[in-house]
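Chains as they are written, first to last, in my numbering: chain A, 338 to 953; chain B, 65 to 298.
Each residue gets a CB set at the ideal place from its N, CA and C atoms; glycine is no exception.
Only one structure is covered here, and it is reproduced in the block below.
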Amino acid sequence: MKSIHKLIIAISLTAGVSITSCQKLNVPPKNIFTSDVIFNSQAGIQSFLATLYQDLPIEDFKYLPSSADGSGSGGGYGFLHGGNDWTEFFNEAGAIGEEVGPWSGFNIGGGFGFWPYGDIRNVNIMIAELPKHTTQLTQTGVDALLGEAHFLRAYYYFGMAKRYGGVPIITVPQDPGAPLATLQVHRDKEQAVWDFIGAELDLGYKMMPATSDAGRANKYVAAALKSRAMLYAACVAKYGSANFVDGEARSSGFAGIPASAATGYFQAAYDAAKLLDGVYSLYNATPGDKVQNYVDLFLKPGSPENIFIKQYSKANNTAHSWDATMSPRYFTADALSRSYPTLDLVQLWGNLQVTNSDGTPKRFDNRADIQQGLEPRLLATIYFPGATLRGLTFDMQRGIYPSFSGTAAAEVAKQPNSRSYILSGDTKTLYQGKQVIGFTGPWTGGDELTRTGFYVRKYVDYNRVQATVGLNSSVQPWIDLRYAEVLLNRAEAAVELGNTGDALADINLIRDRAGATLYGSIDLTKVRNERRMELAFENQYYWDIKRWRTADQVLDKAHFKGLMPYYVFDENKYIFLAEPELFNREYTFSKQSYYEPIPGGEISKNPNLLPNNPGY
Amino acid sequence: MKKLISIILAGMAILAISACTKTDNYDGPNASFQGNIISTAGGNLPTSSGSTQIKLQQIGWTSPQTIPSKFDGTFEDTKLFKGGYRVIPTGGAFWPIYDTITVNIAQGTKHDFTVTPYIVIKNFTATLTGTTLNLTYDIDAPIVAGLPTIKDTQPYVNTTKLVGAGASIRDFSDVNAVTINKDFIDMSASEKSRTLTVPNLIPGRTFFVRVGVRLSDSYNSSNFSDIIEIDVPK
């Protein structure tokens, strides 16, 4: 009997526990942010946006354009935002002859498989969610954020369109549970992608306010980006229809735009640039010292020229290493430099006066005299021999000639072993008490010292104390869009449209600030050269020669030059010889590189991305 | 203790023997594909490194692979997976072929492709005077209409039989290039009969020499002559 009681108790206990335990678990998980948490407050949205802004394809200091040459050893490639991305010298400029550096030639054409559909999905979620939260954010707040989202989406698609041409346009978050056939989307035509980018930026311009926090977009940022993007599209239409690699992707419209579309895109670029008229202006705080003014334009916060910037912080572990990697250790605390401006770039400003009319090298009492008469912008862009930084002098000297006779051309044409100069692999080596090579090079013994006789000056923060200039310690912002570029976009579009009057005024604004003599007339070559000079090292020239479709001629077994200073011992003078740069590299751009290949991994996941671009 | 160790060892031995019994029942890459790239002007198409290649795409797979042509216009790959492939020659200085053909590749599969070169180099001679090499040759185009612009012509000099673009001594080769930048149709008869000079060869060495004509097609590719061996006397 007792055991029956026990049994009844046991059964009722079990039943009681199991009945009461059957409540549905309906507690929101604490470790996952639901859309309400994110989209109900500005703070939630800001943290969501932070990732989207960080992932934008902004080609900044850290941008590493290819996975070739083992360049990723510092921690990956592409758009980097870690705490230890110190390979700034693997830059675009160094693969195309603005600089020469660690790239073994032009080998960045394959890119790094940029495919930002994860970020685009997040923007798409944002665009789908925001209208549901008008009560918390107000209609105005939602509209402004939607405008920002359209801008971000355009920026991501621009990053892809200039690399691949036509890519799938996805505007709503795909459902992972949908049938594979609907997930494996096809490529859209290249023209459709550029039109989409233009329309998205129009929405951004219409919906965003006129001002924003630094680092975030406003309506003028959208307009500025539109002038850049539409100019790219216009050139693909105009020049890409004359110089192309044939293939299925081209005949299907995935790589290439009909030439007839060019005028419309040029007009769109011009109109977009004009929207910034009077809103931004060129930095001109110290017009009395044009060199210092141009140097400060890249370093002073609050410049009226800055349209869109990317910021860095040591506390957030995102600082960059520009200061430590563009100058040799002579000026810094650690690290080294590996890429150097070419004489070819310097000569855009005109030939340097280093040779007499009879062909003999001009004799200089002082290396710094080479800077006399040069345009302030050039001196502010590149460190010449004799310039100073942090109390030290750039003392570039390739070697010593005990004596020198004859012409510069004849000397340079000689085989190295029949030249009478004295070189050294070490700055400590002396020749009759005189240092053979400068503390700042040039030499060929290893990395660290210049191989062209020049160093980059643009963006180098001269105010920092040497002992603090280490890796991952630079925080000057990258100016992604500045008003000078918008003027150059506008001038180029204007010349292409036949409006030379507008172009001349734009270019002369830039030349005046640069300290250059003003032009009386303008043509396309002048506009393009002005662009190269003004935007040197700003990761523009690579895309310029791609969209102009001139890269295969500019980089056709190309060799670049440096300017080597020598000391002539018996005369106690300096001479400068234009010689092949000391890496002695060759650069060749093959025409298929006007488009990058669609990443192979993506094609394996989605064969509908085929046909791949011509030549791949 | 000893007993314990021997038990463990015995256990490990049993595990080791019994662990790997599964065998891979897929065929390895034991198929091969070889052949010639024949020029319509006669013989094999003379090529160089990094230009002409056979592009293969296995049916059912998405990434293409390539077999580079050897300098004598032959190609061979002995480590392919058996199966159906779409194949096409590409990348060289010949009139582009757009139609792929389908080949079932198995062990010892052979196939020859026929291409029409842009430029044919004829009557190539090399004469040595002291250490200066004089090269003469005529250039001809099997099809003139629509031919890409001719960019330049240059000698290729190397110390091995592997001589051509990307395999030459720069000071004897690239430095002696002559720019043309003309369409074939606009070239006079004298411009089609060319001479190149390679000065200051090193005495006592053997060199292999050929000439090339480069065109502004999609690949900036070059047509090449035959290779001549030159012994420079001491």
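Proximity below 8 angstroms, CB of residue i to CB of residue j
i: Thr196(B); j: Pro263(B); result: yes
i: Gly279(B); j: Pro212(B); result: Reading off the sequence, residue 279(B) comes out as Leu, not Gly. Going by C-beta atoms, Leu279(B) is nearer than 8 angstroms to Pro212(B).
i: Thr669(A); j: Arg794(A); result: no
i: Pro948(A); j: Ser589(A); result: yes
i: Glu918(A); j: Thr789(A); result: yes
i: Leu265(B); j: Val275(B); result: no
i: Ala547(A); j: Tyr557(A); result: yes
i: Glu527(A); j: Gly593(A); result: yes
i: Asp660(A); j: Val797(A); result: yes
i: Pro713(A); j: Tyr631(A); result: yes
i: Val802(A); j: Ser650(A); result: no
i: Thr679(A); j: Glu435(A); result: yes
i: Thr178(B); j: Ile102(B); result: yes
i: Ser282(B); j: Gln890(A); result: no
i: Ala828(A); j: Ile844(A); result: yes
i: Ile457(A); j: Tyr501(A); result: no
Span of the beta strand (DSSP E), counted from its first residue to its last, around residue i
i: Gly584(A); result: Run containing Gly584(A): none; DSSP gives neither H nor E here.
i: Ala95(B); result: 95-103
i: Ser286(B); result: 286-288
i: Gly938(A); result: Where Gly938(A) is concerned, there is no enclosing beta strand (DSSP E), although the alpha helix (DSSP H) it sits in stretches over 937-942.
i: Met901(A); result: 898-905
i: Phe272(B); result: 270-279
i: Asp817(A); result: 815-819
i: Glu293(B); result: 292-295
i: Thr178(B); result: 177-179
i: Ile207(B); result: No beta strand (DSSP E) contains Ile207(B), which DSSP labels as neither H nor E.
i: Ile244(B); result: 242-246
i: Leu517(A); result: Run containing Leu517(A): none in the beta strand (DSSP E); it sits in the alpha helix (DSSP H), 517-520.
i: Val184(B); result: 184-193
Endpoints, alpha helix (DSSP H) assigned at residue i
i: Tyr493(A); result: 476-501
i: Lys556(A); result: 556-577
i: Leu919(A); result: From DSSP, Leu919(A) is part of no alpha helix (DSSP H); its letter is neither H nor E.
i: Pro713(A); result: 713-718
i: Ser372(A); result: 372-376
i: Asn222(B); result: From DSSP, Asn222(B) is part of no alpha helix (DSSP H) but of the beta strand (DSSP E) over 214-222.
i: Phe603(A); result: 599-611
i: Ile382(A); result: 379-391
i: Thr259(B); result: Unbroken run through Thr259(B) is the beta strand (DSSP E), 257-262; no alpha helix (DSSP H).
i: Asn459(A); result: 454-466
i: Gln890(A); result: 888-891
Beta bridge counterpart(s) of residue i as assigned by DSSP
i: Gln772(A); result: Leu767(A)
i: Ile534(A); result: Answer is none; Ile534(A) lacks a bridge partner.
i: Asn168(B); result: Gly148(B)
i: Phe701(A); result: Tyr911(A)
i: Leu320(B); result: As shown, chain B starts at 65 and ends at 298. That puts residue 320(B) outside it, with no answer to give.
i: Pro132(B); result: Gln117(B)
i: Pro678(A); result: Glu436(A)
i: Gly228(B); result: Ala231(B)
i: Phe449(A); result: Answer is none; Phe449(A) lacks a bridge partner.
i: Lys748(A); result: Per the sequence presented here, residue 748(A) reads as Glu, with Lys not at that position. Bridge partners of Glu748(A): none, in fact.
i: Pro153(B); result: Ile118(B)
i: Gly736(A); result: Tyr903(A)
i: Lys67(B); result: Per DSSP, none; premise fails for Lys67(B).
i: Glu785(A); result: Ser674(A)
Relative to chain B, which residues along the segment 420-447 of chain A have a C-beta separation below 8 angstroms, given in chain order?
Residues of the segment 420-447 of chain A whose Cβ lies closer than 8 angstroms to any Cβ of chain B: none.
If the cut-off is 8 angstroms on Cβ atoms, which residues from the segment 885-919 of chain A count as contacting chain B, listed in chain order?
Asp889, Asp893, Lys894
By the 7 angstroms beta-carbon criterion, what residues does the segment 253-285 of chain B contribute toward chain A?
Ser282, Tyr283, Asn284
In chain order, what residues of the segment 932-944 of chain A put their CB closer than 8 angstroms to some CB of chain B?
Gly937, Ile940, Ser941, Pro944
To be precise: take each residue of the segment 117-128 of chain B, compare its Cβ to all Cβ atoms of chain A, and keep it if any distance is under 9 angstroms. Which residues remain?
Cβ contacts with chain A come from Trp125, Thr126, Ser127, Pro128.
Segments assigned alpha helix (DSSP H), at least 4 residues, entirely inside the segment 393-443 of chain A
Complete alpha helix (DSSP H) runs here, min 4: 430-433.
Every unbroken beta strand (DSSP E) inside the segment 815-879 of chain A [3 residues or more]:
Every beta strand (DSSP E) of 3 residues or more that sits fully in the segment 815-879 of chain A is shown, in chain order, as 815-819.
Name, going along the chain, the residues of the segment 231-242 of chain B whose beta-carbon falls closer than 7 angstroms to a beta-carbon of chain A.
Asp238
Threshold first: 3 residues or longer. Then list the beta strand (DSSP E) segments lying entirely within the segment 623-698 of chain A, N to C.
Scanning the segment 623-698 of chain A for uninterrupted beta strand (DSSP E) segments of 3 residues or longer gives 643-647, listed from N- to C-terminal end.
Name the residues in the segment 145-179 of chain B whose C-beta lies less than 9 angstroms from a C-beta of chain A; which are they?
Thr154, Gly155, Pro160, Tyr162
By the 8 angstroms beta-carbon criterion, what residues does the segment 629-640 of chain A contribute toward chain B?
none
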